[in-house]
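**Q**
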């Protein structure tokens, strides 16, 4: 193999890695505008396309939802009614680790709601995301969301950062 | 064209796309430090350089400002007086779509102010950004900012995510 | 030098720059999960590995800590006791400037704590980060953290954005 070819190989691998980071960050960033405009089942079904067909959304204080249909329906009970008054899911900076066609991310999310002249932080949560790459691009295989009120499960979730840091990205 | 050349072409196109994402994210991230240190017209005029010469900043609850001079002056009324007491414009993770020398982004912003021993969320807003690439690099052609208090215009703004997701990045 | 070689050179330089941005953003994003799971000296010592061996963490309202050992110990007094009740360090979008094997970043951080059914913003701070690239990758040489309560030192810290914007990234 020529020197030019080996340099191209290395560049392609690195650009592939950077692309995965960018696409996963973008997928996470899409959650806010999608959920805060979801006031009916059609829109929450579109939102559920973020997940794989059999993806899991384990919602803190609510419980796990299995598959796109159940995820879409999870928003029907309380969330749809909040949208007309303003509800705002802000995503914090994600820490992403890529492992071939799988990836993991940790980030915080804060949900703000209006409170007279101000806004208040209704839910502040940690999120542990698992992603898979497939025909539709990167999708969420599992999102575990936990309110930051302390407790052992929060510690288990956050401490996966140790593994993610130790492994680093893998091709 | 040789195989090496076609691989180089593909890499250059992909790196160009990644660069646009990075530069637009950086431009959005520059807003906070710029605005929260703007306590006079000289500094708000520098801040207004984020926009194109005839750029628009449509401020929720205030109204649209047309062009750099009007944008710079918009901060004179209330904002300059807040800076000495601390005002903090935190930018949420942006969702960016690149379309050649134009781009769109959606993100949330939270403005915090001190409140005794704590801080409070004064303004929580959705931002719809339109960018153009020119001689100065990426600049804001239009930023529409709306307080997340609900209402039809919020829904129109957030639902542009559908178009952005469907189109994806374009060269 | 052939045309292919010069194109490869340019691509390698640009990918190197994008990689620096991604790795520094990732380092900043690691702070939250690391600190909010640090309830003992072993974990805060791991957290302190984010800094260079003789790195500085100048904490707003607390004072400067010099070196990894002092940084690790800084969390012992109050922070460890907060972790079991939930404390959440959310990192805002960073503005990063790369200068060879050094880099600078500005971002905001918001620390949320539970407050009955809600959460409140306990600390909202500006952070001025200095990074160095070495055998361990990118590490924090200095982090200056200041509560956003106004004052001259906040203005000095935020106005470094002028230099960062003027210089841009440098190889």
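Residue numbers (this note's numbering), protein chains in the order written: chain A, 323 to 493; chain B, 323 to 493; chain C, 323 to 493. C-beta: ideal position from N, C-alpha, C; glycine also. Bear in mind the structure is a predicted one, so any value in this text is a computation, not a measurement.
1. In the stretch 344-430 of chain A, which residue ranges form an unbroken beta strand (DSSP E) of at least 3 residues, counting only runs that do not cross its ends?
2. If you draw a straight line from the alpha carbon of residue 486 (chain A) to that of residue 343 (chain C), how long is it in whole angstroms?
3. Just to confirm, is the Cβ distance from residue 481 (chain A) to residue 454 (chain A) under 8 Å?
4. I'd like to know whether the C-beta atoms of residue 285 (chain A) and residue 468 (chain A) end up nearer to each other than 8 Å.
5. Does the Cβ-Cβ distance between residue 340 (chain A) and residue 341 (chain C) come in under 8 Å?
6. Does the contact criterion of 3 or more C-beta pairs under 8 Å hold for the stretch 343-355 of chain C versus the stretch 381-397 of chain A?
7. What does residue 407 (chain C) touch in chain A if you count any residue whose Cβ is under 8 Å from its own?
8. For my contact list, residue 470 (chain B) and residue 408 (chain A) are in at a C-beta cut-off of 8 Å; report their separation, rounded to the angstrom.
9. Is the Cβ-Cβ distance between residue 367 (chain C) and residue 394 (chain C) less than 8 Å?
10. Quick one: Cα of residue 327 (chain C) to Cα of residue 332 (chain A), how far?
11. Quick check on residue 448 (chain A): does DSSP put it in helix, strand or coil?
12. For residue 421 (chain A) and residue 445 (chain B), what's the separation of their Cα atoms in angstroms?
13. Let me know if residue 478 (chain B) comes out buried or exposed under the rule of 16 or more other beta-carbons within 10 Å of its beta-carbon.
14. Under the rule that 16 or more other beta-carbon atoms within 10 Å means buried, what is residue 411 (chain C), buried or exposed?
15. Note down, in chain order, each residue of its chain lying with its Cβ closer than 7 Å to the Cβ of residue 383 (chain C), except the 5 sequence neighbours on either side.
16. Here's a check: name, in chain order, each residue in its chain whose Cβ is nearer than 8 Å to the Cβ of residue 405 (chain C), leaving out the five neighbours to either side.
17. So what's residue 439 (chain A) in DSSP terms, helix, strand or just coil?
18. Would you give the residue range spanned by the beta strand (DSSP E) that residue 457 (chain B) belongs to?
19. Looking at the unbroken alpha helix (DSSP H) that takes in residue 267 (chain B), where does it start and where does it end?
20. Return the CA-CA distance between residue 372 (chain A) and residue 490 (chain B), expressed in angstroms with no decimal places.
21. Taking residue 418 (chain A) as the reference, give the member of A:353, A:451, A:463, A:329 with the closest Cα.
22. Skipping 5 residues on each side, what residues in its chain have a beta carbon closer than 6 Å to that of residue 377 (chain A)?
23. Check whether the Cβ atoms of residue 443 (chain A) and residue 443 (chain B) lie closer than 8 Å to each other.
24. Any C-beta of chain A within less than 8 Å: which residues of the stretch 401-425 of chain B qualify?
25. Under the rule that 16 or more other beta-carbon atoms within 10 Å means buried, what is residue 457 (chain C), buried or exposed?
26. For residue 471 (chain C), which three-state DSSP category applies?
27. Nearest-angstrom Cα distance between residue 355 (chain C) and residue 363 (chain C)?
28. At the level of alpha carbons, what is the spacing between residue 459 (chain A) and residue 465 (chain B)?
29. Roughly how many angstroms separate the alpha carbons of residue 350 (chain B) and residue 483 (chain B), rounded to a whole number?
30. Give me the DSSP bridge partner(s) of residue 341 (chain C).
31. For residue 367 (chain A), decide whether its Cβ has a neighbour in chain B, counting only Cβ atoms nearer than 8 Å.
32. Taking the C-alpha atoms as reference points, what is the distance between residue 324 (chain B) and residue 330 (chain B)?
33. Which residues in chain B have a C-beta closer than 7 Å to the C-beta of residue 355 (chain A)? List them in chain order.
34. Give every residue of the same chain whose Cβ lies closer than 6 Å to the Cβ of residue 433 (chain A), excluding the five residues on either side of it in the sequence, and list them in chain order.
**A** Well, looking at it:
1. Listed in chain order, the complete beta strand (DSSP E) runs (minimum 3 residues) inside the stretch 344-430 of chain A are 373-381, 385-388, 410-413, 417-421.
2. 19 Å
3. no
4. Beyond the ends of chain A as shown, which are 323 and 493, falls residue 285 (chain A); an answer cannot be given.
5. yes
6. Judged by Cβ distances under 8 Å, the stretch 343-355 of chain C makes no contact with the stretch 381-397 of chain A, as fewer than three pairs qualify.
7. 471, 472
8. About 4 Å separates the two Cβ atoms, so the contact holds.
9. yes
10. Straight across, the Cα-Cα distance linking residue 327 (chain C) with residue 332 (chain A) is about 14 Å.
11. strand
12. 39 Å
13. exposed
14. buried
15. 469
16. Sequence-distant partners of residue 405 (chain C) (beyond 5 residues in either direction) whose C-beta falls short of 8 Å from its own C-beta, in its chain, are 358, 359, 360, 361.
17. Under the three-state reduction of DSSP output, residue 439 (chain A) falls in the coil class, being neither helix nor strand.
18. First-last for residue 457 (chain B): undefined, no H or E at that position.
19. Here chain B has residues from 323 to 493 only, and residue 267 (chain B) is not among them.
20. 15 Å
21. A:451
22. 462, 463
23. yes
24. 414, 415, 416, 417, 418
25. exposed
26. coil
27. 16 Å
28. 29 Å
29. In a straight line, the C-alpha of residue 350 (chain B) is about 18 Å away from that of residue 483 (chain B).
30. When beta bridges are read from the DSSP output, residue 341 (chain C) appears opposite no residue.
31. no
32. Answer to the nearest angstrom: the Cα atoms are 10 Å apart.
33. 417, 428, 480, 483
34. For residue 433 (chain A), where only same-chain residues beyond five positions count, the Cβ hits under 6 Å are 411, 444, 445.
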